[in-house]
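**Q**
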Amino acid sequence: MIKGKFIDNLPKVYGIYTGGFIGFIILMAIGEQMGMSAKAIGVAFVAFTIFIYALIGYLSRTAQADAYYVAGRQVPTVFNGMATAADWMSGASFVAMAGGIYFKGYGYMALLVGWTGGYILVATLLAPYLRKFGCYTVPDFIGTRYGGNLARLCAVIVLTVASFTYVTAQINATGTIASVALDIDFKYAVYVGLISILLCSMLGGMRAVTWTQVAQYIVLIIAYLLPVFWISNKMGAGFFPHFMLADEVARIGELEQQFGFVKNSAADLATVPKGLAGITKAHSAVNATPWAFISLALAMMMGTASLPHVMMRYFTTPSVKAARKSVGWSLFFIFLLYSSAPMLATLSKLTLIDPNLSTGIIGKSFAEVQSIDWYQNWNQANLMFISDFNGNGTLELNEFFMGGKAVVLATPEIAGLPYVISGLVAAGGMAAAMSTADGLILAIANAISHDVYYKMIDPKAETAKRLLVARILLVVIGFAGATIAAMEIQGILGSVIWAFDFAMSGLFFPLVLGVWWKRANRQGAIAGMVLGLGSAIWYLVWVRTGGSGFLGLSQLTFGIFGAGVSFVAMVVVSLMTQEPDKATQKMVDEVRIPSGKTILGRQH
Amino acid sequence: MSNATKHWEKSRSLLFITLIIWAIFSMGIFLFGAEMNEVTGPFGYPWTYWFTCQGSLGIFVILIFWFANRQEKIDEEFGFNEREDD
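Sequence lines, in order, name chains G and S.
Each residue of the first sequence is one higher than the last, beginning at 66 in my numbering.
Each residue of the second sequence is one higher than the last, beginning at 214 in my numbering.
1) Just confirm the distance between the C-beta atoms of arginine 196 (chain G) and valine 385 (chain G), as a whole number of angstroms; I'd bet it's less than 8 Å.
2) Would you mind telling me which residues of chain G sit closer than 7 Å to valine 274 (chain S), beta carbon to beta carbon, in chain order?
3) Quick check: what's the CA-CA separation for phenylalanine 264 (chain S) versus alanine 163 (chain G)?
4) Kindly list, in the order they appear in chain G, the residues whose Cβ is closer than 7 Å to that of isoleucine 277 (chain S).
5) Along the chain, where does the beta strand (DSSP E) that runs through isoleucine 549 (chain G) open and close?
6) What did DSSP end up calling proline 483 (chain G) once you bin it into helix, strand or coil?
7) How would you list, in chain order, the residues of chain G whose beta-carbon sits under 9 Å from the beta-carbon of glutamate 222 (chain S)?
8) Taking just the CA atoms, how far does isoleucine 542 (chain G) sit from threonine 230 (chain G)?
9) By a C-beta neighbour count over all protein chains shown, 10 Å radius and 16 as the cutoff for buried, is valine 671 (chain G) buried or exposed?
10) What does the Cβ neighbour count give for methionine 9 (chain G), buried or exposed, with the cut at 16 atoms within 10 Å?
11) What are the partner residues of serine 430 (chain G), as DSSP defines its beta bridges?
12) Considering only DSSP beta bridges, list what threonine 253 (chain S) is partnered with.
13) Less than 6 Å between C-beta atoms, sequence neighbours within five positions excluded: which residues of the same chain meet that for methionine 569 (chain G)?
14) Can you find a CB in chain G that lies within less than 8 Å of the CB of serine 226 (chain S)?
15) Specify the secondary structure class of isoleucine 67 (chain G) as computed by DSSP and reduced to three states.
16) For threonine 261 (chain S), which residues from the same chain have a beta carbon less than 6 Å from its beta carbon, with the 5 sequence-adjacent residues on both sides left out?
17) Closest Cβ-Cβ distance between proline 306 (chain G) and chain S: below 8 Å?
18) Give me the Cβ distance between glycine 589 (chain G) and serine 514 (chain G), rounded to the nearest whole Å; I'm assuming they're in contact under 8 Å.
19) Measuring only the C-alpha atoms, how far is aspartate 299 (chain S) from aspartate 73 (chain G)?
20) Going residue by residue through the region 218-291 of chain G, where are the continuous alpha helix (DSSP H) segments of at least 4 residues, counting only ones entirely within it?
21) In or out: serine 228 (chain G) buried (at least 16 other Cβ within 10 Å) or exposed?
22) Assuming isoleucine 418 (chain G) contacts phenylalanine 431 (chain G) (C-beta within less than 8 Å), just tell me the rounded distance between them.
23) Measuring only between beta-carbons, confirm whether glutamate 290 (chain S) sits less than 8 Å from chain G.
24) Apart from the five residues just before and just after phenylalanine 397 (chain G), which ones in its own chain have a Cβ nearer than 7 Å to its Cβ?
25) Below 7 Å CB to CB, which residues in the same chain sit around phenylalanine 291 (chain S) once its five sequence neighbours on both sides are set aside?
26) Can you tell me which residues form a DSSP beta bridge with methionine 449 (chain G)?
27) Is tryptophan 260 (chain S) close to chain G, meaning its C-beta is less than 8 Å from at least one C-beta of that chain?
28) Which same chain residues, not among the five before or five after aspartate 298 (chain G), have their C-beta less than 8 Å away from its C-beta?
29) Can you name the residues of chain S whose CB is closer than 8 Å to the CB of isoleucine 658 (chain G)?
30) Let me make sure I understand the geometry here. Which of G:Cys219, G:Ala388, G:Ala157 has the alpha-carbon closest to that of threonine 501 (chain G)?
31) In angstroms with no decimal places, state the Cα-to-Cα distance between tyrosine 674 (chain G) and valine 223 (chain G).
32) So, does the CB of leucine 363 (chain G) fall closer than 8 Å to a CB anywhere in chain S?
33) Let me know if isoleucine 522 (chain G) comes out buried or exposed under the rule of 16 or more other beta-carbons within 10 Å of its beta-carbon.
34) Label aspartate 205 (chain G) either buried or exposed according to how many other C-beta atoms from any shown protein chain fall within 10 Å of its C-beta, with 16 as the threshold for buried.
35) Given a threshold of 16 other Cβ atoms within 10 Å of its Cβ, counted over all protein chains shown, does aspartate 453 (chain G) qualify as buried or as exposed?
36) Classify glycine 504 (chain G): buried if its beta carbon has 16 or more other beta carbons within 10 angstroms, exposed otherwise.
Dropping the structure here:
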């Protein structure tokens, strides 16, 4: 099935796939009408989609290095865009983003701007040039551009630190969803998630991950958009929510004024279960200082341009031109979900707090709210909580608490949508977390197998042996990630943001200056990577242990400090040491011209 | 001046223009977030709110496609375009 012709038939293949998936949703809806239990629907959704991904992974198996590392460099722009979007949008984007907007408002929106704006940097500064270079991995570029094993090794270390921070969060998310949907203990669900992830990538490497990610994008975008449009129409808020929710946004502002943000005492708050938050910030007002907003956006943008699992997706396009266009498509597909998250947050909030709506609970009596089915369900799942702090028997805005995930997971049920939608949302969240985890594990395993094993330890290894090493590493890294995920150190979003900061501290300037500054040399790049990552880790530890920090850089934006150190170190050390040799300078000139053969050519 | 040098100079000025637009809509406008939010913008949303939900994000999408097209034109001008075999 996946031979030369497969590429020509892509629109047809994925068209049939999408139709089949919609058919499956309808089938489940009919099942629900005929009395299929909620649990059975949830299990069916998650199990069916995982089965399809595993099947695609199996069909895409390969024994060729080119297919395993860069999907044979023949992924068309639009499909690479979808795959990148799935690679990019993690469990955090899918499950937690709308919740973040819901509770934190404007200050959180910096992440939306940052996670999209970063693609401008990818498209202009890096992706086309790295594609021209023809590398298999990001450290491959660093190693060849600057020369020497030490530079290569430093890049592998930065990549591993950043990606590993990120991947534990993703495995954690697959575990959470699998444990809810399949009703098994989280400890085991983490490994169920991991095995699903490995099924997609082990046999076919990048090629398998590419085609499963496209399939996962289709599932996750349907799962995100369908409820948003449905709820909006059901509420009569407008048939196209993105352009029609201004009145609802204004109404939330009005209600906030009417209810007021009453501050709860510390003693009262101590009774609220961990992880739940109340609505304490205005929905659409500006509640952060310009620097807090801009620094967070900037950190996320530079981090985006340094994360290897995203960059390596653009190594799979057929040409340099296609790499540029493909970045545009990636962002377009990401935009579809990101622009819907604030709409979901708006609809979800209004559904709950507007006393004029039948679903609104603020202002109702405690007995009444406690008797609602969905409240009981989500209270039991530890995602919703109410407590009568002032003892007046009526629920006030400050007496209602919810987990961030509930905005995506619970809103369909609250708004009165059939359960089939909740099953669909679970499948979407699983797809989002799996696709990102796959990309990350592959990025780490490929860097170690290609750059450390093949380029440093055993350059004469045969293809079969190289790919065997790559697959073993994939499994080992996956299990290491799952083991750490099972310990639950940081919340999903916390570790995601750290990954961006680590990546930008170590890799942003060595990558960008490698293309844009001919004078950058090996010593400079090594100094940039080591001091950048080192100072970032130092700053994070310092802030975490009670340090005050400076310039208002927090544990979310410490990458700006790390990248600053990296930049200064790289420029100063480069200028103090000898300029790169003629061959290297000529190589940089070559990289800047889109036409012609790739730099690495047949060296692989 | 060689062909390659001229090509690079043109590419570089395109980069600067793109990055200036990027900086304005990802950072610049948010210096005035509070003031801008007082004014009603597209579809009736407050301006700042609209930019964070859709505006900036949409502008980025358009900006990348615009940049890619311009860069292709520059590549063609200097004969560095790739063969159409994708």
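Virtual Cβ for every residue (Gly too), placed ideally from N, Cα, C.
**A** If we stick to the structure as given:
1) 5 Å
2) Gly393, Leu396, Phe397, Phe400
3) 16 Å
4) Tyr184, Ile185, Ala188, Val392, Gly393, Leu396
5) That residue, isoleucine 549 (chain G), is in no beta strand (DSSP E); its alpha helix (DSSP H) goes 528-550.
6) In this structure, proline 483 (chain G) counts as coil in the three-state DSSP scheme.
7) Residues of chain G passing the Cβ test: none, with the nearest at roughly 11 Å.
8) Using only the alpha carbons, I get a separation of about 12 Å.
9) Since the first residue shown for chain G is 66 and the last is 669, residue 671 (chain G) is missing from the structure and cannot be characterised.
10) With chain G covering only 66 through 669, there is no way to say anything about residue 9 (chain G).
11) G:Thr459
12) S:Pro259
13) Met367, Gly368, Ser371, Gly624, Ala628
14) Under the 8 Å criterion on CB atoms, serine 226 (chain S) is classed as non-interfacial with respect to chain G.
15) In this predicted model, isoleucine 67 (chain G) has a pLDDT of only 49, less than 50, meaning its place in the structure is not dependable; the value taken from the coordinates is given anyway. Correct three-state label for isoleucine 67 (chain G): coil.
16) Scanning its chain for C-beta atoms nearer than 6 Å, with the 5 sequence neighbours on each side dropped, one finds around threonine 261 (chain S) the residues Gly246, Met249, Asn250, in chain order.
17) no
18) In fact, because the Cβ distance is near 28 Å, the residues do not count as touching under 8 Å.
19) Only weak support is given to the placement of aspartate 299 (chain S): the predicted model assigns it a pLDDT of 43, under 50, and the value that follows is read from those uncertain coordinates. When only Cα atoms are considered, aspartate 299 (chain S) and aspartate 73 (chain G) end up about 11 Å apart.
20) 251-266
21) So serine 228 (chain G) counts as buried.
22) Incorrect: roughly 16 Å between the Cβ atoms, too far for contact.
23) Not closer than 8 Å to any Cβ of chain G, the Cβ of glutamate 290 (chain S) fails to qualify, so no.
24) Gly146
25) Asn216, Lys219, His220
26) G:Met467
27) So, not an interface residue.
28) Before going on, a small fix: residue 298 (chain G) reads as asparagine here, not aspartate. Once the five neighbours on either side are set aside, the close Cβ partners of asparagine 298 (chain G) are Phe304.
29) Ala217, His220, Phe293
30) G:Ala157
31) Shown here, chain G extends from 66 to 669; a query on residue 674 (chain G) therefore has no answer.
32) Among the residues facing chain S, leucine 363 (chain G) is included, as its CB has a counterpart in that chain under 8 Å away.
33) With fewer than 16 other Cβ atoms from the protein chains shown falling within 10 Å of its own Cβ, isoleucine 522 (chain G) counts as exposed.
34) The residue in question, aspartate 205 (chain G), is buried, as its Cβ has 16 or more Cβ neighbours within 10 Å.
35) exposed
36) buried
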